[in-house]
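Q: Before anything else, here's the structure in question.
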Amino acid sequence: MSQDSLNLTDLKTLKRLGRGVRIFPMVKIVKGEVVEVDDGSQIDDFTFINGGTGVRIGKFNHIASFVSVIGGGELVTGDFVGIATGARLITGTHHYGDGQRICPLIPAEEQCVIRGKIVLEKDVFVGANVIIHPNITIGEGAIIGSGGIVLKDVEPWTINVGAPVRVVGTRPKVKEPPK
């Protein structure tokens, strides 16, 4: 752990903290008791993570500045995932289809909130300012281009751009180093 990381008291609230993890001092983590960060990962300043029902960050992930994980649901990332600056991972949101008001200031029983799970599989890259909605799986090796809005699952090893994202190409599978 580097000198410029959160103080040890803050880090002790995390459910699990792997070896060689760097969490910079201006990171804000809410509900740290359900947040796990695996070996070699880095979370840059001005990132906000709401632990919701659970956050599991894989090995060697990089979460850039100004990323937000919000909504009160669950986030799971595989190993070697990159999330670029300003991305929004929305694990929960209000639902409008049941004739209920969309206002977080009214009593909970009068709201219709959907909380879900976002899964970023191994080797995924999420570009700057991407928005990912609840209940989404982004398949292994997929790339989401800057500014994309993800409303449905994304196939492995595809390149996706737009609002909403659509497949514009594929990328080769990562070659694993010899053992």
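When the sequence shown is numbered by this note's numbering, its final residue is 191 and no position is left out of the sequence of numbers.
Note that CB positions come from ideal geometry on N, CA and C, so glycine has one too.
Treat the numbers as computed from the prediction; the structure is a model and nothing was measured.
(1) Roughly how many angstroms lie between the CA atoms of residue 154 and residue 101, to the nearest whole one?
(2) Name the residue from 121, 77, 118 and 42 whose alpha carbon lies nearest to the alpha carbon of residue 58.
(3) Apply the 10 Å Cβ neighbour rule to residue 96 and answer buried if 16 or more other Cβ atoms are within range, or exposed otherwise.
(4) Going straight from the alpha carbon of residue 24 to that of residue 53, what length do you get?
(5) Mapping DSSP to helix, strand and coil, what is residue 23?
(6) Kindly indicate the opening and closing residues of the beta strand (DSSP E) around residue 60.
(7) Does DSSP put residue 174 in a helix, a strand or coil?
A: Looking at the atomic coordinates:
(1) 16 Å
(2) 77
(3) buried
(4) Each residue's Cα considered, the two are about 17 Å apart.
(5) helix
(6) 60-62
(7) Three-state result, residue 174: strand.
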